[in-house]
Each structure stands twice: as C-alpha cells, then as structure tokens.
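Below is one structure, written out as structure tokens, with a few remarks after it.
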Amino acid sequence: MKRIVLHGLWALVLVALLPAASPADDEADRIEAEGGKWANYFQAGDLEGLMTLYMDDAIVALHGQPALYGKAAVREYFAQRLGKSDTTFELDYELRETHGDIAYIISKYWLVAVDRASGERYLDAGRSLLVYKKHAGRWKIAADIDQATPDVGWPSPGGLQ
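Using my numbering, the letters of the sequence shown map in sequence onto residues 1 to 161.
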C-alpha cells in the first residue's frame, strides 16, 4: 500500500512539473488557424473571405510580382486570380510566435493549380512569412511575403506533385 501511495505521489509531482499550456501557446494556435483560413478561402475562390484576413494597410510581396500596398491593391490582385483554377495547398508550419499584439508564421507551402479554362497546370512551392497584428480583438495580416526557395521542392511531404 505504501508503495502505491508513493508511486501516486511521484505521479502527482511529475504532472505538476509538466509545462501547462500558456496563453502564448493558445495565441500561437489561433495564429496557425488564421493561416489555415487563408488557404481555405483561396482554394474556395472566396475573395470576400480572403479580404477579411487583411489589415487595411497590408503589404503583400509575392515572388515574381511587384509589392502590393493596401487592401485595395491586394483585392485587385486576387480578384483577377481567384476562382479561375482548382487549387490544392499544403502548408508545413515551421515557426509561429506571438509577441503582444504582433505575431508571425513562417511556413513552407506547396500549391497545385489547374486552370479551369485551359487545363494548364501550375506548381508553386516556397516559404512564406505572414505577419499579423491584433486589430479590434482579431488577428489580421499586416504583411504577406512568399518566396521561392531551393530547400522546398516537389513532391510535397503530403504527396502533392
């Protein structure tokens, strides 16, 4: 009986020493969920949903494209592209951190897009940085930067090709 009680006490001590989920971990999870929303809205061709994720003064810098300044420019860019292809995304979050009202995600991404009109297939892979600011209690994208990078290639870890 003594041995069972001692084992039980040790178990309680070990559980007490385990790190509890912190508010920062909760915020990082929320940020990751926001990153997932972007991919879902993009895949669905939902321009209005996508725009709810951006700050009014957002900066978007996509590889091979001039930088976009402000939500209106971001809207114009995506309005010409969304819904014209069937897309599949894969994301691999490498880093997500929050610091007060600022947060960021660095992730690897893979995109396969098939143009609905021509059937042409487009592959894009690289790394992205999303910087978020908390605005009126919600996390919104302040900066969105994508780049091609030699260490992110095909096939994706999940098998996209």
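Just so it is clear, CB atoms sit at the ideal spot from N, CA and C, and this is done for glycine as well.
Note that the coordinates shown come from a computational prediction; the quantities given were computed from them, not determined experimentally.
Can you give me the Cβ contacts of residue i inside the same chain, cut-off strictly under 8 angstroms, excluding the 5 residues immediately before and after it?
| i | result |
| --- | --- |
| Gly50 | Note on identity: in this sequence residue 50 is Leu, with Gly being the wrong assignment. Cβ within range, chain order: Trp38, Tyr41, Phe42, Phe78, Leu82. |
| Trp154 | Trp110, Leu123, Ala125, Leu160, Gln161 |
| Ala67 | Ile59, Val60, Ala61 |
On the premise that residue j lies in contact with residue i, defined as a C-beta separation below 8 angstroms, what is that separation, rounded to the nearest angstrom?
| i | j | result |
| --- | --- | --- |
| Glu94 | Gly158 | Going by Cβ atoms, the distance from Glu94 to Gly158 rounds to 15 angstroms, so no, they are not a contact pair. |
| Ser85 | Asp115 | 5 angstroms |
| Asp101 | Lys71 | So it is not a contact: roughly 19 angstroms between Cβ atoms. |
| Arg75 | Leu47 | 7 angstroms |
Do residue i and residue j have their C-beta atoms within less than 7 angstroms of each other?
| i | j | result |
| --- | --- | --- |
| Tyr132 | Ile31 | yes |
| Lys140 | Met55 | yes |
| Glu34 | Thr98 | no |
| His63 | Ala136 | no |
| Thr178 | Ala113 | Examination of residue 178 is not possible in this model, given that the chain is present from 1 through 161 alone. |
| Val152 | Arg121 | no |
Report all residues from its chain with a CB closer than 6 angstroms to the CB of residue i; omit the five preceding and five following residues, and keep chain order.
| i | result |
| --- | --- |
| Leu129 | Ile106, Ile145 |
| Ala143 | Ile59, Val131 |
| Pro150 | none |
| Arg96 | Ala28, Ile31, Glu32, Ile105 |
Only counting the same chain, and skipping five residues up and downstream in sequence, which positions put a Cβ closer than 7 angstroms to that of residue i?
| i | result |
| --- | --- |
| Gly45 | Leu82, Gly83 |
| Tyr69 | Ile59 |
| Asp57 | Gly70 |
Under the DSSP definition of a beta bridge, which residues are partnered with residue i?
| i | result |
| --- | --- |
| Asp144 | Val60, Leu130 |
If we require 3 or more residues per run, which beta strand (DSSP E) segments fall completely within the region 76-114? The region 76-114 is shown to contain whole beta strand (DSSP E) runs of 3 or more residues at 85-99, in chain order.
What ranges does the alpha helix (DSSP H) occupy inside the region 23-53, keeping only unbroken runs of at least 4 residues that lie completely in it? Runs of the alpha helix (DSSP H) lying entirely within the region 23-53 and spanning at least 4 residues, in chain order: 23-44, 47-51.
Minimum length 3: unbroken beta strand (DSSP E) runs contained in the region 50-74: 54-61, all fully within the region 50-74.
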